[in-house]
Amino acid sequence: MPELPEVETIVRGLDKVLSGKKISAVKILNKKSFLGERSEILGKKIIAVRRRAKYIIFELERGKYLLIHLKMTGQLIWQSQKIPNNKVVGGHPDEMYRRQDKLPHKYTRVYFEFDDGSRLFFNDLRVFGWIKIVDQGELKTLLSDLGFEPLPYTKNDRKSGELLILGVSNLNSIIQKYPRRRIKDLLQDQKLIAGIGNIYSSEILFCAGVLPGRAAGSLTAREIRKIYQSINRVLSKAVKLGGTSMSDYRKVDGSKGGYLDEAGVYAREGEKCRKCAGKIKRKKIGQRSAYFCPHCQV
DNA sequence: CAACCATCCTGCGAGC
DNA sequence: TGCTCGCAGGATGGTT
Ligand SMILES: [Zn+2]
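When we follow my numbering, the leftmost residue of the first sequence carries the number 144, and every step to the right adds one.
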């Protein structure tokens, strides 16, 4: 669920509040959601929180890491002990979660307690997500197959350096290498470009004016440039809005809503296109719904 | 090689 | 009311 903008948002928030805190307890409410021996992280400090693709990485003391994937419905909420309104929320904005009041609730699978009494809750309705204890070697292995990071200057894994950032020439090479694959599928392939999922692939292609089912090899140089620009525009706008995750909590905070309020096509089947008078269509591409405007996209 | 399928889970809304 | 079906922001491993 959460894609790059949502993961980036939660990572920025958590890095601020968790850096320097010591893990004093780990409560595992669902065994499938936590992989590893919990004693390996008890008493350890969190040095930093960052991400690579849609993976969240907690760097701990003495070469240990917590690797987290939110998958479809994962959500992280940090809450201070003294001021419950002082919180950081990110991940899935599912309605189910909004109906729950106190934490932990029925979808909380794991939570952490820190030395200052604050807590971090991992909620995950569908139990696809997980938290895994790894060392540096395992971390590297698990992340080794990931492709380019689409956005520059975000908080991805700095140690891997600038080589990770997607440039227009990289996009060209990818398209040349897989000319028969559909462009939406390429954009979502984590081994090629890391962090784009089902919302933003549709949004990017709407922005670029390209139909999601187009074979990569049929794209003109101009269209490829437009797609490249759209990747940057759509994702950076979503990051600015805090992803799609936090609208509910943002309303509580009196601030603005998330990206989905402004989505051009995603989950808007049958609704009016924002650029023309036509209606948004939905079509299965690679077993997932692709949304597009048949008039604005060619 | 690309497209399709099932799988891991839980819940919602539409239609009968 | 109760049932089935399709759907949901991910990723993997298998088969045509
Ligand atoms: Zn249109």
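Don't be surprised by glycine CBs; every beta carbon is placed ideally from N, CA and C.
Please read these numbers as outputs of a predicted model, since none were measured by experiment.
Which residues DSSP lists as bridging V231, in chain order: Note: V231 sits in a beta bridge opposite W221.
Residue environment, G338, which counts as buried when at least 16 other CB atoms sit within 10 Å: By the C-beta density criterion, G338 is buried, having at least 16 other C-beta atoms within 10 angstroms.
Segments of 3+ residues assigned as beta strand (DSSP E) that fall wholly inside the region 253-337: 262-267, 273-278, all fully within the region 253-337.
Status (buried if at least 16 other CB within 10 Å, exposed otherwise) for A359: By the beta-carbon neighbour count (other beta carbons within 10 angstroms, threshold 16), A359 is buried.
heavy atom of ligand 1 below 6 Å from H212 C-beta: For ligand 1, not one heavy atom lies less than 6 Å from the Cβ of H212.
Buried/exposed call for N266, threshold 16 Cβ in 10 Å: Residue environment: N266 is assigned as buried (16 or more neighbouring CB atoms within 10 Å of its CB, all protein chains considered).
L294 to G385 span [Cα, whole Å]: Approximately 15 Å, taken between the alpha carbons.
Boundaries (first-last residue) of the alpha helix (DSSP H) holding I347: The continuous alpha helix (DSSP H) containing I347 extends over residues 341-351.
Per-residue burial, T152 [other beta carbons within 10 Å of its own, 16 or more giving buried]: Looking at its Cβ environment, which holds 16 or more other Cβ atoms inside 10 Å, T152 is buried.
beta-carbon C439 near ligand 1 non-hydrogen atom, thresh 6 Å: Indeed, a heavy atom of ligand 1 lies less than 6 Å from the Cβ.
Any non-hydrogen atom of ligand 1 within 6 Å of G421 CB: Flag set: Cβ of G421 near ligand 1.
Nearest neighbour of I347, chosen from E183, Q372, K334, P148 [CA to CA]: Considering only alpha carbons, the answer is Q372.
Whether K275 touches G179 by CB criterion (7 Å): It is a contact, given that the beta carbons lie within the stated cut-off.
The region 201-217 in contact with the region 303-322 per 3-pair CB rule at 8 Å: The region 201-217 vs the region 303-322: no contact.
Cut-off 6 Å between Cβ atoms - residues of its own chain near G290, not counting five sequence neighbours on either side: Closer than 6 Å at Cβ, skipping near neighbours: K334, L335, I336, A337.
Segment contact, 8 Å Cβ cut-off, at least three pairs: the region 160-178 with the region 254-266: Judged by Cβ distances under 8 Å, the region 160-178 makes contact with the region 254-266, as three or more pairs qualify.
Burial state of K230 (16 or more Cβ within 10 Å): Its Cβ being crowded by 16 or more others within 10 Å, K230 is buried.
Straight-line Cα distance separating E146 from S432: Straight-line measurement puts the Cα of E146 at about 16 Å from the Cα of S432.
Between the CA atoms of N315 and G340 - distance to the nearest angstrom: The straight-line gap from Cα to Cα measures roughly 20 Å.
Close beta carbons around G421, own chain, < 7 Å, minus the five adjacent residues each side: So the list reads C436, P437, H438, once near-sequence residues are dropped.
S182 burial status per 10 Å Cβ neighbour count (16 or more: buried): Exposed, because fewer than 16 other Cβ atoms sit within 10 Å of the Cβ of S182.
Length of the line joining the Cα atoms of E412 and G352: If you draw a straight line from the Cα of E412 to the Cα of G352, it is about 17 Å long.
Run of the beta strand (DSSP E) containing E202, from where it starts to where it stops: 198-203 is the extent of the beta strand (DSSP E) around E202.
Rounded C-alpha distance that separates N173 from V192: Rounded to the nearest whole angstrom, the C-alpha separation of N173 and V192 is 23 Å.
Cβ pair G206, G234 closer than 7 Å: G234 sits away from G206, with the two beta carbons spaced by 7 Å or more.
N-terminal and C-terminal residue of the beta strand (DSSP E) that R425 is part of: R425: member of the beta strand (DSSP E) spanning 424-428, first to last residue.
Contact set for D288: own chain, Cβ-Cβ below 7 Å, skip 5 residues either direction: For D288, where only same-chain residues beyond five positions count, the Cβ hits under 7 Å are K334.
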